[in-house]
Amino acid sequence: MSGRRKESAVIISQEGIALDIYSMWIHTEKIAESAVPGQFISMYTKDGSKLLPRPISLCEIDRQKSGIRVVYRVTGTGTGTEQFAKLLSGDTIDILGPLGNGFPLDVTENTGKNTKDCRAMLIGGGIGVPPMLELAKQLNTEKIMVMGYRDQQFLRTEFQKQGSLYIATEDGSAGTKGNVMDAIEGNGLSADIIYACGPAPMLHAIKRYAEEKSIVCYISMEEKMACGIGTCLACVCQSKEIDGHSHVHNKRVCKDGPVFLSTEVEI
Amino acid sequence: MNTTVNLAGIELKNPVMTASGTFGSGEEYSEFVDLNRLGAVVTKGVANVPWPGNPTPRIAETHGGMLNAIGLQNPGMEVFCARDIPFLKQFDTKIIVNVCGKSAEDYCEVVERLADEPVDMLEINISCPNVKEGGIAFGQNPASVEAITREVKKHAKQPVIMKLSPNVTDITAMAKAAEAGGADALSLINTITGMKIDVHRQKFALANRTGGLSGPAIKPIAVRMVYQAANAVRLPIIGMGGIATWEDAIEFILAGATAVSTGTANFYNPSVTVEIVEGIEKYMEKYHIENISDIIGMVK
């Protein structure tokens, strides 16, 4: 994984797009050049009491303008993400990236079908919704998108531009009342390949669904991280195969992932 | 200006090294720093066989520090010798291998396996707080520190560094015990056992419940212990515990450390090691220090 670097990057713009959900565009020297959908960056606070970076997925990549967009949730008062939310355009932020492997974009290689005959389902849940946007933009095939929210449907109009969008909300305020699996079953949706990012229970359900239906499924995992580059071995997940690093069954979410074939990992 | 230091007969080009478990075997960090600039790379703990480590979550952030309970996940000595030693040999830096085990026999097996490998020194981890057997169990009473040191020394070809735990009442008793057992040098401190509870989930932050506290939050404890140990034994000391800047490194050297290691700081500043090397050089220039070794233990 080459091209990773730490930069003091400049914030182009920042806005709140829903309650506790913020969208930040960052101008990078090099990170945007090599970034791909499904990768993430480590974002650092300026607060010496909060040492560890916050891993945040890339929501959009603008190579021409060397920009990356992150959409993140403020997790509470006094948190690092709350500090990020206070930054303004022109402020700098230390970031490390691009990190992780990203989603595989070659649907033909994964399904054996031509791009014109292949249908991809992109599933996002909660703060797993944002990385699906850049994936939707770069995936060159028919797309149906299923996004699950507690209530507020952030990024909704942006997803609508990319294909058919199905919404699930926990409170039933829009789309299917329930979760993404309820929306998939309720709308009778099917696909040749699935990409998903969201909380562990959602990924667990999608993994089971995809394996029952024999659909190729890539899931993006999350775990507490320290280094972000594969050294500290904090963010391991249980893998079916022996991992390349320690020769046990512990793949590193930050380096071997965060995207894994569903059949490859235990959730 | 002379930045070299002598660590139990091994000459380091400068006193800056990496703390075990925070730098892997250097591969990932070689993208960010020139390993040729470092006095030594201290590897993550190596056992006789692969260890899977603890369940997740394995880390938690705390004020000015972090807790970890990785549990010494490592690929075992055969993979280490075949993959990691050849990688490190590409660089002009010393190789110090951290050795972990669950029994005296385990430690000795690894030490023997490394005897004819191009490894400069061995660091024996008798202070990991996150494994049930071995680790800290050997490091919390003087008799067992002395016994494990003596046993390892019988099998070791390279100089042996004993890595001590701060989770003891009197660090000087452990330092003296290691010296009596024949240690060539000491590393201190390992992490301090701690705990964090998530008040929203009403659960332990770590799956292991307890973890080792590291980072700037523990630095004053580490400086104090390095000072105490340096004044209790004649062995050279590798000081560590919250070193994040060149000022921190100098502080440990003034307290009595011959060399220093950066640990947690690597995680949030991947180039911290080389920044410290450069900072030490500027400090020597500013205060007209000819040899860095002249200021080791200068503050009494």
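Top line first, the protein sequences correspond to chains A and B. Heads up, the first sequence is in UniProt numbering, so the first residue is 1 and it goes up one at a time. Heads up, the second sequence is in UniProt numbering, so the first residue is 1 and it goes up one at a time. Idealized CB from N, CA, C, for every residue including glycine. What you are looking at is a predicted structure, and each value in this text was computed from that prediction instead of being measured.
Element boundaries [alpha helix (DSSP H), containing residue i]
i: A/Leu133; result: 131 to 138
i: A/Lys6; result: No alpha helix (DSSP H) contains A/Lys6, which is instead part of the beta strand (DSSP E) from 5 to 18.
i: A/His204; result: 200 to 212
i: B/Ile289; result: Note, B/Ile289: premise wrong, no alpha helix (DSSP H); not H, not E.
i: A/Asp182; result: 180 to 186
i: B/Ser271; result: Per DSSP, B/Ser271 belongs to no alpha helix (DSSP H) and is neither H nor E.
i: B/Cys108; result: 104 to 113
i: B/Thr22; result: First-last for B/Thr22: undefined, no H or E at that position.
i: A/Ser34; result: 31 to 34
Beta-carbon separation (whole angstroms), residue i vs residue j, contact threshold 8 Å
i: A/Phe40; j: A/Ser57; result: 5 Å
i: B/Ile95; j: B/Val41; result: 6 Å
i: A/Tyr122; j: A/Tyr195; result: Per the sequence presented here, residue 122 of chain A reads as Leu, with Tyr not at that position. Going by Cβ atoms, the distance from A/Leu122 to A/Tyr195 rounds to 5 Å, so yes, they are a contact pair.
i: A/Glu222; j: A/Pro258; result: 7 Å
i: B/Ala229; j: B/Ala175; result: 4 Å
i: B/Met77; j: B/Asn48; result: 6 Å
i: B/Leu67; j: B/Gly212; result: 7 Å
i: B/Thr191; j: B/Pro129; result: 6 Å
i: B/Asn98; j: B/Gly53; result: So it is not a contact: roughly 15 Å between Cβ atoms.
i: B/Gly242; j: B/Ile280; result: About 17 Å separates the two Cβ atoms, so there is no contact after all.
i: B/Ile189; j: B/Pro216; result: Not quite, the Cβ-Cβ distance comes to about 14 Å (not below 8 Å), so this is no contact.
i: A/Phe154; j: A/Ile68; result: Going by Cβ atoms, the distance from A/Phe154 to A/Ile68 rounds to 18 Å, so no, they are not a contact pair.
i: A/Gly97; j: A/Ala35; result: 7 Å
i: A/Ala168; j: A/Asp151; result: Not confirmed; about 11 Å, so no contact.
i: residue 302 of chain B; j: B/Ile250; result: An answer regarding residue 302 of chain B cannot be provided, because it is not within the stretch 1 to 300 covered by chain B.
Interface flag, residue i vs chain B, CB-CB below 7 Å
i: residue 272 of chain A; result: Because chain A is modelled from 1 through 267, residue 272 of chain A falls outside the range shown and cannot be assessed.
i: A/Ala234; result: yes
i: A/Ser8; result: no
i: A/Ser49; result: yes
Contact set between residue i and chain A, taken where Cβ atoms lie within less than 8 Å
i: B/Glu123; result: By Cβ distance, chain A contributes nothing, its closest Cβ being about 17 Å from B/Glu123, past 8 Å.
i: B/Pro52; result: Ser246, Val248, His249, Asn250
i: B/Asn68; result: Ala226, Cys232, Ala234
i: B/Glu275; result: Chain A residues near B/Glu275: none, gap ~12 Å exceeds 8 Å.
N-terminal and C-terminal residue of the beta strand (DSSP E) that residue i is part of
i: B/Pro142; result: Element bounds for B/Pro142: not the beta strand (DSSP E) but the alpha helix (DSSP H), 142 to 155.
i: B/Trp246; result: Where B/Trp246 is concerned, there is no enclosing beta strand (DSSP E), although the alpha helix (DSSP H) it sits in stretches over 246 to 255.
i: residue 283 of chain A; result: The question about residue 283 of chain A has no answer, for chain A in this structure spans 1 to 267.
i: A/Gln238; result: 236 to 238
i: residue 310 of chain B; result: Given a span of 1 to 300 for chain B in the structure shown, any question on residue 310 of chain B remains unanswerable.
i: B/Lys94; result: 94 to 99
i: A/Asp91; result: No beta strand (DSSP E) contains A/Asp91, which DSSP labels as neither H nor E.
i: A/Asn250; result: 250 to 252
i: A/Pro55; result: 54 to 57
i: A/Phe260; result: 259 to 261
Beta carbon proximity, residue i to chain A, threshold 7 Å
i: B/Asn74; result: yes
i: B/Gly215; result: yes
i: B/Gly263; result: no
i: B/Thr245; result: no
i: B/Thr56; result: yes
i: B/Glu28; result: yes
i: B/Glu11; result: no
Interface residues of chain A facing residue i [CB-CB closer than 7 Å]
i: B/Phe23; result: Thr231
i: B/Ile59; result: Lys224, Ala226, Ala234
i: B/Val79; result: His247
Neighbouring residues, chain B, relative to residue i (Cβ below 7 Å)
i: A/Arg4; result: Glu31
i: A/Leu52; result: Glu61, Met66, Phe267, Tyr268
i: A/Tyr44; result: Tyr268
Review point. Are at least three pairs of beta-carbons, each pair with one atom in the segment 197 to 204 of chain B and one in the segment 253 to 261 of chain B, less than 8 Å apart?
Key: no
Review point. Touching or not, the segment 229 to 240 of chain A and the segment 249 to 258 of chain A, by the rule of three or more beta carbon pairs under 8 Å?
Key: yes
**Study point:** Cβ pair count under 8 Å reaching 3, the segment 223 to 234 of chain A against the segment 24 to 31 of chain B
**Key:** yes
Check your understanding: Does the pairing of the segment 4 to 11 of chain A with the segment 69 to 81 of chain A give three or more beta-carbon distances under 8 Å?
Key -> no
Exercise for review: Please confirm if the segment 176 to 193 of chain B is in contact with the segment 151 to 167 of chain B, defined as three or more CB-CB distances below 8 Å between the two stretches.
Suggested key: yes
Review point. Three or more beta-carbon pairs under 8 Å between the segment 91 to 110 of chain A and the segment 177 to 187 of chain A, yes or no?
Key: The way I'd put it, the segment 91 to 110 of chain A doesn't touch the segment 177 to 187 of chain A; fewer than three beta-carbon pairs between them come closer than 8 Å.
Practice item. Assess, as a yes-or-no matter, whether the segment 2 to 19 of chain B is touched by the segment 235 to 252 of chain B under the definition of 3 or more beta carbon pairs within less than 8 Å. Key: yes
Check your understanding: Do the segment 109 to 116 of chain A and the segment 86 to 99 of chain A meet, that is, are 3 or more Cβ pairs less than 8 Å apart?
Key -> Three or more Cβ pairs closer than 8 Å define a contact, and the segment 109 to 116 of chain A falls short of that threshold against the segment 86 to 99 of chain A.
Review point. Using 8 Å as the threshold, is the segment 42 to 62 of chain A in touch with the segment 132 to 139 of chain A, meaning 3 or more CB pairs across them?
Key: yes
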